[in-house]
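>
Residue numbers (full-length UniProt numbering): 1 to 215.
1) When we look at the beta-carbon of residue 65 and count the other beta-carbons within 10 Å, is it buried (16 or more) or exposed?
2) Could you pull out every unbroken beta strand (DSSP E) segment of at least 3 residues lying fully inside the stretch 99-159, listed in chain order?
3) Please list the terminal residues of the continuous beta strand (DSSP E) segment that includes residue 166.
4) Comparing alpha-carbon positions, which option in 1, 71, 212, 6 lies nearest residue 104?
5) Would you mind stating whether residue 19 and residue 85 have Cβ atoms separated by less than 7 Å?
6) In terms of DSSP beta bridges, what is residue 7 paired with?
7) Run through DSSP, which three-state label would residue 18 get?
8) Buried or exposed for residue 60, going by 16 or more other Cβ atoms inside 10 Å?
9) Would residue 27 be called buried (16 or more neighbouring beta carbons within 10 Å of its own) or exposed?
10) Nearest-angstrom Cα distance between residue 102 and residue 179?
11) Name the DSSP beta bridge partners of residue 184, please?
12) Just how far apart, CA to CA, sit residue 50 and residue 70?
13) Quick one: residues in its chain with C-beta nearer than 6 Å to the C-beta of residue 199, no 5 flanking neighbours on either side, listed in chain order?
14) Whose CA, out of 134, 25, 118, 2, lies closest to the CA of residue 73?
15) Alpha carbon to alpha carbon, how far is residue 22 from residue 79? Give it in angstroms, no decimals.
16) Flag this pair as yes or no: are the beta carbons of residue 186 and residue 206 separated by less than 7 Å?
17) State the Cα-Cα distance for the pair residue 77 and residue 34, rounded to the nearest angstrom.
18) Are residue 109 and residue 9 closer than 7 Å when you measure CB to CB?
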(Lines of atoms letter the chains of each structure in order from A; the text may use other names.)
(Lines give C-alpha, C1' and ligand atoms only; values in the text may rest on other atoms or scores of the structure.)
Protein backbone atom coordinates (compact mmCIF):
# COMPACT_ATOMS: atom_id res chain seq x y z
CA UNK A 1 0.00 0.00 0.00
CA UNK A 2 1.31 3.45 -0.92
CA UNK A 3 1.72 5.84 2.01
CA UNK A 4 3.96 8.42 0.32
CA UNK A 5 4.54 9.81 -3.16
CA UNK A 6 7.92 11.30 -4.06
CA UNK A 7 8.36 13.50 -7.12
CA UNK A 8 11.27 14.46 -9.30
CA UNK A 9 11.29 18.22 -9.91
CA UNK A 10 12.39 19.22 -13.43
CA UNK A 11 10.15 17.64 -16.06
CA UNK A 12 7.90 15.95 -13.51
CA UNK A 13 6.57 18.41 -10.96
CA UNK A 14 7.43 21.63 -12.78
CA UNK A 15 8.09 22.68 -16.35
CA UNK A 16 11.42 24.40 -15.81
CA UNK A 17 12.65 24.17 -19.41
CA UNK A 18 11.64 27.72 -20.39
CA UNK A 19 13.83 29.30 -17.70
CA UNK A 20 16.69 26.85 -18.18
CA UNK A 21 16.49 27.65 -21.87
CA UNK A 22 16.41 31.37 -21.21
CA UNK A 23 19.60 31.07 -19.16
CA UNK A 24 21.31 29.00 -21.86
CA UNK A 25 20.32 31.42 -24.60
CA UNK A 26 21.52 34.39 -22.54
CA UNK A 27 24.85 32.62 -22.15
CA UNK A 28 25.00 31.80 -25.85
CA UNK A 29 24.41 35.47 -26.65
CA UNK A 30 27.27 36.46 -24.34
CA UNK A 31 29.53 34.27 -26.44
CA UNK A 32 28.20 35.49 -29.78
CA UNK A 33 26.25 32.33 -30.56
CA UNK A 34 22.75 31.85 -31.93
CA UNK A 35 19.88 30.89 -29.62
CA UNK A 36 18.49 27.36 -29.41
CA UNK A 37 14.81 26.50 -29.68
CA UNK A 38 12.79 25.50 -26.63
CA UNK A 39 11.99 22.18 -28.33
CA UNK A 40 15.68 21.29 -28.41
CA UNK A 41 16.18 22.51 -24.86
CA UNK A 42 13.37 20.33 -23.50
CA UNK A 43 15.27 17.25 -24.67
CA UNK A 44 18.19 18.06 -22.36
CA UNK A 45 16.43 19.95 -19.56
CA UNK A 46 16.36 16.95 -17.20
CA UNK A 47 20.14 16.64 -17.56
CA UNK A 48 20.72 20.08 -16.04
CA UNK A 49 23.75 22.21 -16.74
CA UNK A 50 25.79 19.29 -18.05
CA UNK A 51 23.28 18.44 -20.76
CA UNK A 52 22.52 22.03 -21.67
CA UNK A 53 26.16 23.06 -21.99
CA UNK A 54 26.78 20.11 -24.26
CA UNK A 55 23.77 21.11 -26.33
CA UNK A 56 24.68 24.78 -26.56
CA UNK A 57 28.45 24.75 -26.65
CA UNK A 58 29.50 21.15 -27.27
CA UNK A 59 31.26 21.28 -23.90
CA UNK A 60 31.43 18.11 -21.78
CA UNK A 61 32.29 17.74 -18.10
CA UNK A 62 35.78 16.52 -19.03
CA UNK A 63 36.66 19.73 -20.88
CA UNK A 64 39.01 22.16 -19.17
CA UNK A 65 36.60 25.07 -19.51
CA UNK A 66 33.54 23.14 -18.32
CA UNK A 67 33.52 24.38 -14.71
CA UNK A 68 33.87 28.02 -15.77
CA UNK A 69 31.07 27.63 -18.29
CA UNK A 70 28.92 25.80 -15.76
CA UNK A 71 29.28 28.52 -13.14
CA UNK A 72 28.48 31.17 -15.70
CA UNK A 73 25.33 29.31 -16.74
CA UNK A 74 24.22 28.72 -13.15
CA UNK A 75 24.75 32.37 -12.23
CA UNK A 76 22.42 33.41 -15.05
CA UNK A 77 19.88 30.75 -14.12
CA UNK A 78 19.91 31.80 -10.46
CA UNK A 79 18.69 35.24 -11.52
CA UNK A 80 15.87 33.78 -13.63
CA UNK A 81 14.59 30.81 -11.64
CA UNK A 82 10.89 31.41 -12.01
CA UNK A 83 10.23 33.79 -14.90
CA UNK A 84 8.17 31.24 -16.82
CA UNK A 85 8.52 28.04 -14.79
CA UNK A 86 5.19 26.62 -13.70
CA UNK A 87 3.70 23.41 -12.37
CA UNK A 88 2.58 20.98 -15.04
CA UNK A 89 -1.19 20.96 -15.60
CA UNK A 90 -2.79 18.65 -13.06
CA UNK A 91 -0.01 18.82 -10.47
CA UNK A 92 -1.86 21.25 -8.22
CA UNK A 93 -4.89 18.97 -8.19
CA UNK A 94 -2.96 15.75 -7.53
CA UNK A 95 -1.05 17.31 -4.63
CA UNK A 96 -4.30 18.50 -3.08
CA UNK A 97 -5.81 15.04 -3.55
CA UNK A 98 -2.83 13.37 -1.87
CA UNK A 99 -3.16 15.75 1.05
CA UNK A 100 -6.90 15.07 1.27
CA UNK A 101 -6.12 11.36 1.49
CA UNK A 102 -3.43 12.04 4.13
CA UNK A 103 -0.79 10.59 1.81
CA UNK A 104 2.39 12.56 2.34
CA UNK A 105 4.38 13.75 -0.62
CA UNK A 106 7.88 15.07 -1.15
CA UNK A 107 10.49 15.99 -3.72
CA UNK A 108 13.75 14.23 -4.58
CA UNK A 109 15.81 15.97 -7.24
CA UNK A 110 19.37 16.19 -8.51
CA UNK A 111 18.93 19.97 -8.71
CA UNK A 112 21.23 21.71 -6.17
CA UNK A 113 19.52 23.09 -3.08
CA UNK A 114 20.47 26.69 -3.91
CA UNK A 115 18.01 26.44 -6.81
CA UNK A 116 15.55 23.85 -5.49
CA UNK A 117 14.54 25.63 -2.30
CA UNK A 118 13.96 29.15 -3.65
CA UNK A 119 12.16 27.75 -6.70
CA UNK A 120 9.82 25.67 -4.54
CA UNK A 121 9.23 28.71 -2.36
CA UNK A 122 8.22 30.74 -5.42
CA UNK A 123 5.95 27.93 -6.59
CA UNK A 124 4.27 27.79 -3.18
CA UNK A 125 5.36 24.21 -2.43
CA UNK A 126 8.26 24.51 0.00
CA UNK A 127 6.15 24.49 3.15
CA UNK A 128 3.73 21.88 1.85
CA UNK A 129 6.25 19.16 0.98
CA UNK A 130 6.83 16.58 3.72
CA UNK A 131 10.45 16.21 2.58
CA UNK A 132 12.78 17.84 0.08
CA UNK A 133 16.05 16.17 -0.92
CA UNK A 134 18.21 18.15 -3.34
CA UNK A 135 21.18 17.01 -5.36
CA UNK A 136 23.75 18.19 -2.84
CA UNK A 137 21.97 16.92 0.28
CA UNK A 138 23.49 13.43 0.05
CA UNK A 139 26.83 11.97 -0.97
CA UNK A 140 25.39 10.55 -4.17
CA UNK A 141 22.77 11.68 -6.66
CA UNK A 142 20.35 9.66 -8.75
CA UNK A 143 20.61 7.02 -10.20
CA UNK A 144 22.12 6.09 -6.83
CA UNK A 145 19.33 5.16 -4.39
CA UNK A 146 20.70 7.23 -1.49
CA UNK A 147 18.58 10.37 -2.13
CA UNK A 148 15.37 8.34 -2.22
CA UNK A 149 16.31 6.29 0.82
CA UNK A 150 17.16 9.51 2.66
CA UNK A 151 13.70 10.86 1.87
CA UNK A 152 12.09 7.65 3.16
CA UNK A 153 14.03 7.89 6.41
CA UNK A 154 13.06 11.52 6.90
CA UNK A 155 9.35 10.80 6.55
CA UNK A 156 9.69 7.48 8.39
CA UNK A 157 7.96 5.48 5.67
CA UNK A 158 9.31 2.20 4.32
CA UNK A 159 10.49 2.27 0.67
CA UNK A 160 8.04 -0.48 -0.29
CA UNK A 161 5.22 1.84 0.74
CA UNK A 162 6.49 4.69 -1.45
CA UNK A 163 6.05 5.61 -5.10
CA UNK A 164 8.46 7.75 -7.11
CA UNK A 165 7.38 9.71 -10.18
CA UNK A 166 10.14 10.84 -12.53
CA UNK A 167 10.79 11.49 -16.21
CA UNK A 168 14.27 10.01 -16.70
CA UNK A 169 15.84 6.56 -16.77
CA UNK A 170 17.91 7.51 -13.72
CA UNK A 171 14.68 7.96 -11.77
CA UNK A 172 13.60 4.40 -12.52
CA UNK A 173 17.06 3.03 -11.72
CA UNK A 174 17.19 4.87 -8.40
CA UNK A 175 13.70 3.69 -7.50
CA UNK A 176 14.44 0.05 -8.25
CA UNK A 177 17.68 0.18 -6.27
CA UNK A 178 15.83 1.72 -3.32
CA UNK A 179 12.92 -0.73 -3.42
CA UNK A 180 10.42 1.98 -4.38
CA UNK A 181 7.72 1.70 -7.05
CA UNK A 182 8.84 3.67 -10.14
CA UNK A 183 6.30 5.47 -12.33
CA UNK A 184 7.29 7.53 -15.38
CA UNK A 185 5.90 10.99 -16.06
CA UNK A 186 5.20 10.52 -19.75
CA UNK A 187 4.05 14.13 -20.00
CA UNK A 188 7.51 15.38 -18.97
CA UNK A 189 10.79 15.62 -20.86
CA UNK A 190 11.36 11.89 -21.39
CA UNK A 191 9.28 11.08 -24.43
CA UNK A 192 11.02 13.30 -26.96
CA UNK A 193 14.40 11.60 -26.93
CA UNK A 194 14.12 8.07 -25.56
CA UNK A 195 11.93 5.01 -25.08
CA UNK A 196 10.49 5.17 -21.55
CA UNK A 197 8.54 1.96 -22.12
CA UNK A 198 11.87 0.08 -22.09
CA UNK A 199 13.01 1.44 -18.70
CA UNK A 200 11.25 -1.17 -16.60
CA UNK A 201 8.95 1.09 -14.60
CA UNK A 202 5.66 -0.08 -13.14
CA UNK A 203 3.77 2.34 -15.33
CA UNK A 204 3.78 5.45 -17.51
CA UNK A 205 1.27 8.23 -16.96
CA UNK A 206 0.38 10.95 -19.44
CA UNK A 207 -1.30 13.20 -16.86
CA UNK A 208 -0.52 13.67 -13.15
CA UNK A 209 -4.08 12.68 -12.25
CA UNK A 210 -3.41 9.16 -13.56
CA UNK A 211 -1.07 8.68 -10.61
CA UNK A 212 -4.11 7.80 -8.52
CA UNK A 213 -4.38 4.52 -10.47
CA UNK A 214 -1.25 3.31 -8.62
CA UNK A 215 -2.20 4.38 -5.10
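Every residue gets a Cβ at the ideal spot worked out from N, C-alpha and C, and that includes glycine.
Fair warning: this is a prediction, and the values are worked out from it, not measured in the lab.
Taking the definition as stated:
1) On the chain shown, position 65 is the one that residue 65 refers to. Per the 10 Å Cβ criterion, exposed.
2) 104-108, 131-133
3) To locate residue 166, count along the chain shown from 1; it is residue 166. Residues 162-166.
4) In the chain shown, residue 104 corresponds to position 104, counting from 1. Nearest of 1, 71, 212, 6 to residue 104, Cα basis: 6.
5) Position 19 of the chain shown, counted from the start, is the residue given in the question as residue 19. Position 85 of the chain shown, counted from the start, is the residue given in the question as residue 85. Yes, they are a contact pair.
6) By one-based count along the chain shown, residue 7 stands at place 7. Partner residues in the beta bridge of residue 7, as assigned by DSSP, are 107, 165.
7) Within the chain shown, the letter at position 18 stands for residue 18. Helix at residue 18.
8) As a first step, residue 60 is located in the chain shown; it is residue number 60 there, counting from the start. Residue 60 should be labelled exposed.
9) The count along the chain shown starts at 1 and reaches residue 27 at position 27. With at least 16 other beta carbons inside 10 angstroms of its own, residue 27 counts as buried.
10) As a first step, residue 102 must be located in the chain shown, where it is residue number 102. As a first step, residue 179 must be located in the chain shown, where it is residue number 179. Going from the Cα of residue 102 to the Cα of residue 179 covers about 22 Å.
11) Your numbering for residue 184 matches position 184 in the chain shown. According to DSSP, which records beta bridges pairwise, residue 184 is partnered with 166, 204.
12) Counting from one through the chain shown, the residue named residue 50 turns up at place 50. Counting from one through the chain shown, the residue named residue 70 turns up at place 70. When rounded, the distance between both Cα atoms is 8 Å.
13) Taking the chain shown and counting its residues from 1, the one referred to as residue 199 is at position 199. Within the same chain, residue 199 has close Cβ partners 169, 172.
14) Position 73 of the chain shown, counted from the start, is the residue given in the question as residue 73. Of the candidates 134, 25, 118, 2, the one whose C-alpha sits nearest the C-alpha of residue 73 is 25.
15) Counting from 1 along the chain shown, the entry for residue 79 is found at position 79. Counting from 1 along the chain shown, the entry for residue 22 is found at position 22. Residue 79 and residue 22: Cα-Cα distance of roughly 11 Å.
16) Position 186 of the chain shown, counted from the first residue, corresponds to residue 186. Position 206 of the chain shown, counted from the first residue, corresponds to residue 206. Result yes, Cβ atoms of residue 186 and residue 206 sit closer than 7 Å.
17) Against the chain shown, residue 77 aligns to sequence position 77. Against the chain shown, residue 34 aligns to sequence position 34. Going from the Cα of residue 77 to the Cα of residue 34 covers about 18 Å.
18) Walking along the chain shown from the start, residue 109 turns up at place 109. Walking along the chain shown from the start, residue 9 turns up at place 9. Yes. Within cutoff.
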